[in-house]
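Top line first, the protein sequences correspond to chains G and Y. The opening position of the first sequence corresponds to residue 227 in the working numbering, with each subsequent residue numbered one higher. The opening position of the second sequence corresponds to residue 4 in the working numbering, with each subsequent residue numbered one higher. Take a look at the structure below.
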Amino acid sequence: MFIRAPKDFWSGVMFLCFAAVTLVTASGYSMGRGGRMGPGYFPTLLGAVLGLLGLILVLRSFAIRGEAVEKIQWRPLAALVGCVLLFAAMIQPLGLVIALSATTFLASFAGPDWRLREAALLSAGLTIAAVLIFVLGLRLPLPLWPSL
Amino acid sequence: MADVFSNIGLGLSVAASLQNLVYCMLGVVLGTLVGVLPGVGPVTTVAMLLPISFTLEPTSALILMAGIYYGAQYGGSTTAILINIPGEASSVITSLDGHQMARQGRAGPALGIAALGSFFAGCVATFIIAFGAPPLAKLALQFGPAEYFSLMLCGLVAAVVLARGSIIKAIAMVVLGLLFGLAGSDVNSGIRRFTFDMQGLADGIEFVALSMAIYGIAEVAINLERRQEEAKKVSAVGKLMPSGAELRACTPSILRGTFLGSILGVLPGGGALLAAFAAYTLEKKVAKPPRKFGEGDIRGVAAPESANNAGAQTSFIPMLTLGIPSNPTMALMIGALMVHGITPGPRVMTDRPELFWGVVASMWIGNLMLVILNLPMVGIWVKLLRMPYRLMFPMIVGFCCIGAYTINANVADIAVLAFFTCFGYLCLKLDCEPAPLILGFVLGPMMEENLRRALLISRGDPMVFVETPISIGFLLAAAGLLLVVAAPAIRRKREEAMAE
């Protein structure tokens, strides 16, 4: 491949993607004139700068040698994002106790050495602590149990 | 002069109220705790506590968060000295000589001098804030939109210069942060921008969710990949008080470190980390005799420890007087104040004197608490070092989820959390530092507003930015910083310094 600096290349691609989305979306907003900046003015300016920087990174990555991207380890990432989404799905219908114990239990899968007993105890302990601190202590309006 | 003392008096009366003493105590205990625990930093902790802080009085909230920030500088040095693992980035330097001292059986004096130096620096920095902030705020009150825009530009450039790794990436992260900050309803036209027809984004990207995603969960993912659990050998502590000779040797180092740290903390983009590095470098050059730095010289602990604490505290000056964050923790505090309806800036000092002076006074009280916490109780903190990371990260994740949800009782914010976790993970994998992004995010709407106003006043003439000396000054400073970093020789030096 011609890509000599994969980290720079992929960063550049990421910035280019964001720039493209920005420019396309901002083209729907009025630009206004210099004295009266419209809602599209600043975003378009930023989007253009971002695109330019992304382009520089991509082009430079063909010329200058740089670091390779470390391999992505899917297990921690998937477990962590998964448990966040799980919490999002469970908190309103099922309440804090069930949602949080499920979330922390699943989160512990992200670690390298998973132990059932430890994970169960930990999630139980954290849930009790969270109920004490957030609901009883700070009186945050969190539903505790499923609303029937 | 008399003003300053009556102000400090007001501050002390606020900070010494029972409620604020409790929050100050809580802050420094938590700060020491996260400073000691590897893998959890002050940014993560402040981010996790943001939702809680919304239920507090703004003054108490700021006292709590400030305590965490400077408390972490103390805690970080404990791990740096005892097990050669700096709990905080700003303690990396301390471990060079501090851990060598510990291996020679002098861990106690190293810890002692770190705490005493930090305490001295903290006291001095408190007074620097008390004397330095009011004139700066007075000056800033005269700033028009053009000056503000240039100031923010300068602050963001400074943040870029201090980010690790590629400058281009750091600038791109700033720009991206500014863009993220613009999402949501536009104040002027009422148009919803970058919401992609999602109801959850109508009020913009939730700042708390964004920062918890990047500094909380994404960092956990990276830590889990890189961390190997290993048995850590903890050095014995022994007696804490440094000998008279050691104290005498350290006094000039502490003074130099405090001085340098106080100055560097004020600069945008500065703060504890830069201060510690610079102080150690200076110490190696000027200390006589230039004995054995790196082999357990107590001055190599005293100088950076004083400097990082001084820098941590004076970095509150730009935040409280100009509304410009010098690092991500400050950005989080600005976010917290805004939720309370307070826009950080020169007006805070006149409109809410109890907030400003209360926080300043609490820092001095907090430093006193930290000496008491750290010296006699160091044994307890050492025990916490053995806490394995696998017990800690589910807690971080759980707290982030609860935090993201409780801000608005909105499930959409948890979805934002999930999305930006992936984004933050990607950034960390690609060596794109998130700190500039966070600063850009906080400043985005303010920058647009000031740009708009400046151009409105000048009827679209961009020359408005080079018409006043202050504005030109900021722009030149920004350009100068960029040029300096782009120059090859300095670039190499900077890379060496970052790699150390």
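Here a beta-carbon is modelled for each residue, glycine too, at the ideal position from N, C-alpha and C. From a predicted model like this one, the values you see are computed outputs, not experimental measurements.
Requested in this report: For Pro319 (chain G), go through chain Y and note every residue whose CB falls closer than 7 Å to its CB, in chain order.
Outcome: One-based indexing of the first sequence puts residue 319 (chain G) at position 93. In chain order: nothing, as chain Y lies at least about 10 Å away.
Query raised in the report: Skipping 5 residues on each side, what residues in its chain have a beta carbon closer than 8 Å to that of Ala175 (chain Y)?
Result: On the second sequence, residue 175 (chain Y) is found 172 positions in, with the first residue counted as 1. Result list for Ala175 (chain Y): Cys435, in chain order.
Requested in this report: Compare the C-alpha of Thr329 (chain G) against each of Y:Leu13, Y:Leu373, Y:Ser474, Y:Val400 and name the closest.
Outcome: Position 103 of the first sequence, counting from 1, holds the residue named residue 329 (chain G). Out of Y:Leu13, Y:Leu373, Y:Ser474, Y:Val400, Y:Val400 has the C-alpha closest to the C-alpha of Thr329 (chain G).
Query raised in the report: Just reading off the alpha helix (DSSP H) that Cys425 (chain Y) is part of, what are its end residues?
Result: As a first step, residue 425 (chain Y) is located in the second sequence; it is residue number 422 there, counting from the start. Taken as a continuous stretch (DSSP letters only), the alpha helix (DSSP H) holding Cys425 (chain Y) covers 414–432.
Query - Against chain G: residues of the segment 43–60 of chain Y by CB proximity under 8 Å - result: Hits within the stretch, in order: Pro54, Ile55, Thr58.
Query raised in the report: Measuring CA to CA, which of Y:Ala364, Y:Arg393, Y:Thr284, Y:Gly79 is closest to Phe8 (chain Y)?
Result: Position 5 of the second sequence, counted from the start, is the residue given in the question as residue 8 (chain Y). Closest by C-alpha distance to Phe8 (chain Y), out of Y:Ala364, Y:Arg393, Y:Thr284, Y:Gly79, is Y:Ala364.
Query raised in the report: Between Leu440 (chain Y) and Leu243 (chain Y), is the Cβ-Cβ spacing less than 8 Å?
Result: In the second sequence, counting from the first residue as 1, residue 440 (chain Y) sits at position 437. In the second sequence, counting from the first residue as 1, residue 243 (chain Y) sits at position 240. No, Cβ-Cβ distance for Leu440 (chain Y) and Leu243 (chain Y) is not below 8 Å.
Requested in this report: Using a cut-off of 7 Å between C-beta atoms, extract the partners of Ala175 (chain Y) located in chain G.
Outcome: By one-based count along the second sequence, residue 175 (chain Y) stands at place 172. In chain order: Phe241, Leu276, Leu279, Gly280.
**Report entry** Endpoints, alpha helix (DSSP H) assigned at His102 (chain Y)
**Finding:** If you number the second sequence from 1, residue 102 (chain Y) lands on position 99. Looking at the DSSP string, the run of the alpha helix (DSSP H) that includes His102 (chain Y) is 95–106.
**Report entry** Minimum Cβ-Cβ distance from Met263 (chain G) to chain Y less than 8 Å
**Finding:** Residue mapping note: residue 263 (chain G) aligns to position 37 of the first sequence, counting from 1. At least one chain Y Cβ lies under 8 Å of Met263 (chain G).
Report task. Within the same chain, show all residues whose beta-carbon is closer than 7 Å to that of Ala173 (chain Y), passing over the 5 residues directly before and after it, in chain order. Result -> Your numbering for residue 173 (chain Y) matches position 170 in the second sequence. Same-chain partners within the cutoff: Val163, Ala166, Glu436, Pro439.
Query - Within chain C, the residues that Arg259 (chain G) reaches when beta carbons sit closer than 8 Å - result: Chain labels in this structure do not include chain C; the protein chains are G and Y.
Query raised in the report: Skipping 5 residues on each side, what residues in its chain have a beta carbon closer than 7 Å to that of Tyr485 (chain Y)?
Result: Numbered from its first residue, the second sequence carries residue 485 (chain Y) at position 482. Residue identity differs from the one stated: residue 485 (chain Y) is Leu in this sequence, not Tyr. Within the same chain, and ignoring the five residues on either side of Leu485 (chain Y) in sequence, the residues whose Cβ sits closer than 7 Å to its Cβ are Val160.
Requested in this report: For Thr346 (chain Y), count neighbouring Cβ atoms within 10 angstroms of its own Cβ and tell me buried if that reaches 16, exposed if not.
Outcome: Stepping through the second sequence from its first residue, residue 346 (chain Y) is reached at position 343. Looking at its Cβ environment, which holds fewer than 16 other Cβ atoms inside 10 Å, Thr346 (chain Y) is exposed.
Requested in this report: Tell me, please, which residues DSSP counts as bridged to Arg195 (chain Y).
Outcome: The residue given as residue 195 (chain Y) occupies position 192 in the second sequence. Bridge partners of Arg195 (chain Y): Y:Ser188.
Query - Any 3 or more C-beta pairs closer than 8 Å across the segment 264–273 of chain G and the segment 208–228 of chain Y - result: The way I'd put it, the segment 264–273 of chain G doesn't touch the segment 208–228 of chain Y; fewer than three beta-carbon pairs between them come closer than 8 Å.
Query raised in the report: Tyr218 (chain Y) to Asp416 (chain Y), Cα distance in whole Å?
Result: By 1-based counting over the second sequence, the position of residue 218 (chain Y) is 215. By 1-based counting over the second sequence, the position of residue 416 (chain Y) is 413. If you draw a straight line from the Cα of Tyr218 (chain Y) to the Cα of Asp416 (chain Y), it is about 16 Å long.
Query raised in the report: In chain Y, which residues lie less than 7 Å from Pro302 (chain G) when you measure between Cβ atoms?
Result: For this step, residue 302 (chain G) is matched to residue 76 along the first sequence. What Pro302 (chain G) touches in chain Y: Ala224, Leu227, Glu228.
Report task. Consider the Cβ of Ser334 (chain G): report whether some Cβ of chain Y lies at a distance smaller than 8 Å. Result -> Mapped onto the first sequence, residue 334 (chain G) falls at position 108. Cβ-Cβ to chain Y under 8 Å: yes for Ser334 (chain G).
Query raised in the report: With 16 as the cutoff for other CB atoms within 10 Å, does Lys386 (chain Y) come out buried or exposed?
Result: On the second sequence, residue 386 (chain Y) is found 383 positions in, with the first residue counted as 1. Exposed: under 16 other Cβ atoms inside 10 Å.
Query raised in the report: For Ser286 (chain Y), does the count of other Cβ atoms within 10 angstroms reach 16, so buried, or fall short, so exposed?
Result: Against the second sequence, residue 286 (chain Y) aligns to sequence position 283. It is Glu, not Ser, that sits at residue 286 (chain Y) in the sequence shown. Looking at its Cβ environment, which holds 16 or more other Cβ atoms inside 10 Å, Glu286 (chain Y) is buried.
Query raised in the report: I think Leu340 (chain Y) touches Leu65 (chain Y), with their Cβ atoms under 8 Å apart; what is that distance to the nearest whole Å?
Result: Reading the second sequence from its first residue, position 337 is the one you call residue 340 (chain Y). Reading the second sequence from its first residue, position 62 is the one you call residue 65 (chain Y). That pair is a contact at about 7 Å.
Report task. Taking 8 Å as the threshold, find out whether the segment 425–434 of chain Y comes into contact with the segment 57–75 of chain Y through three or more Cβ pairs. Result -> By the Cβ criterion, the segment 425–434 of chain Y is not in contact with the segment 57–75 of chain Y, since fewer than three pairs of Cβ atoms, one from each stretch, lie closer than 8 Å.
Requested in this report: Determine the burial state of Leu366 (chain G): buried for a count of at least 16 other Cβ atoms within 10 Å of its Cβ, exposed for fewer.
Outcome: In the first sequence, counting from the first residue as 1, residue 366 (chain G) sits at position 140. Buried, because 16 or more other Cβ atoms sit within 10 Å of the Cβ of Leu366 (chain G).
Report task. Inspect the beta-carbon positions of Ala290 (chain Y) and Ile257 (chain Y) and report whether they are closer than 8 Å. Result -> Taking the second sequence and counting its residues from 1, the one referred to as residue 290 (chain Y) is at position 287. Taking the second sequence and counting its residues from 1, the one referred to as residue 257 (chain Y) is at position 254. For Ala290 (chain Y) and Ile257 (chain Y), no; Cβs fall outside 8 Å.
Query raised in the report: What residues of chain Y sit near Phe313 (chain G), judged by a beta carbon separation below 7 Å?
Result: Walking along the first sequence from the start, residue 313 (chain G) turns up at place 87. In chain order: Cys404, Ile417.
Query - Sequence ranges, beta strand (DSSP E) only - wholly within the segment 14–97 of chain Y, length at least 3 - result: List check, beta strand (DSSP E) in window: nothing returned.
Query raised in the report: Tell me which same chain residues have a C-beta within less than 6 Å of the C-beta of Glu503 (chain Y), skipping the five on either side of it?
Result: Position 500 of the second sequence holds residue 503 (chain Y). The pLDDT assigned to Glu503 (chain Y) is 48, lower than 50, so where the model puts this residue is not dependable, and the model offers no usable value.
Query raised in the report: Under 7 Å Cβ-Cβ, which residues of chain Y neighbour Trp371 (chain G)?
Result: As a working note, residue 371 (chain G) is residue 145 in the first sequence. Below the 7 Å Cβ cutoff, chain Y contributes no neighbours of Trp371 (chain G), its closest Cβ being approximately 16 Å away.
Query raised in the report: Run through DSSP, which three-state label would Val7 (chain Y) get?
Result: Stepping through the second sequence from its first residue, residue 7 (chain Y) is reached at position 4. Val7 (chain Y) falls in the helix class under three-state DSSP.
Query - Length at least 4, wholly inside the segment 316–355 of chain G: the alpha helix (DSSP H) runs in chain order - result: 322–333, all fully within the segment 316–355 of chain G.
Query raised in the report: How is the alpha helix (DSSP H) around Leu139 (chain Y) delimited, first residue to last?
Result: Reading the second sequence from its first residue, position 136 is the one you call residue 139 (chain Y). Bounds of the alpha helix (DSSP H) holding Leu139 (chain Y) are 110–144.
Report task. Please determine, among Y:Gly303, Y:Val43, Y:Asn312, Y:Gly14, the residue with the shortest C-alpha to C-alpha distance to Val63 (chain Y). Result -> Against the second sequence, residue 63 (chain Y) aligns to sequence position 60. The identity of residue 63 (chain Y) in the sequence shown is Ser, whereas the question assumes Val. Among Y:Gly303, Y:Val43, Y:Asn312, Y:Gly14, the Cα nearest to that of Ser63 (chain Y) belongs to Y:Gly14.
Report task. Go ahead and label Val25 (chain Y) buried or exposed: buried means 16 or more other beta carbons lie within 10 angstroms of its beta carbon, across all protein chains shown. Result -> Counting from one through the second sequence, the residue named residue 25 (chain Y) turns up at place 22. It is exposed - the Cβ of Val25 (chain Y) has fewer than 16 other Cβ atoms within 10 Å.
Query raised in the report: Who are Met263 (chain G)'s beta bridge partners in DSSP?
Result: Here residue 263 (chain G) is taken as the residue at index 37 of the first sequence, counted from 1. In DSSP, Met263 (chain G) forms a bridge with G:Gly258.
**Report entry** CB contact check: Asn312 (chain Y) to chain G, cutoff 8 Å
**Finding:** Numbered from 1 along the second sequence, position 309 holds the residue referred to as residue 312 (chain Y). False, the Cβ-Cβ gap to chain G never drops below 8 Å.
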